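Quick note on our numbering: the sequence shown kicks off at -16 and runs consecutively.
For every residue, glycine included, the Cβ atom is placed at its ideal position computed from N, Cα and C.
Being a predicted model, the structure only gives us computed values, none of them experimental.
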Amino acid sequence: MNPNSNSLPRSVPAEEALTLLKEHSRSDVSLAAFARSKGVKPWSLYNARAAERRRAKRLRPEPFFELRLEEPAPTEGADATLIELVLPSGLSLRLRRDFDEVALRRLLCVLGSC
């Protein structure tokens, strides 16, 4: 927008806002300053950026953990009561056979977000 111009900032359609957001990503000014320089209402770009982030989040796949269950070889002693779970990251969990399934599910959810 020309600083000497008397025109008011305008709203932009979503497609144009996305184009402007890409252009803004290559600039070193705030989004509000960038919008003013283009003669655009800043909220048009803020809304488009928020919508794009929501869309990208919906398209992101949920984490997937592959579990392979193997029947352990019979052993004697204290180890006979343990189940070992080895995650793809290399992390190992040793559980007693009477483990709390709900607690394990919560733990795996927490580990999956790391």
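- Remark: C-beta atoms of Ser20 and Ser(-6) do not approach each other more closely than 8 Å.
- Excluding its 5 nearest sequence neighbours in each direction, Ile66 has C-beta neighbours in its own chain below 8 Å: Pro55, Arg77, Leu78, Arg79, Arg80 and Phe82, listed in chain order.
- In the three-state DSSP reduction, Ser(-6) falls in the coil class, being neither helix nor strand.
- In the DSSP assignment, Glu84 falls outside any beta strand (DSSP E) and lies within the alpha helix (DSSP H) extending over Glu84 to Gly95.
- Contact annotation: Leu91 and Phe48 have beta-carbon atoms nearer than 8 Å.
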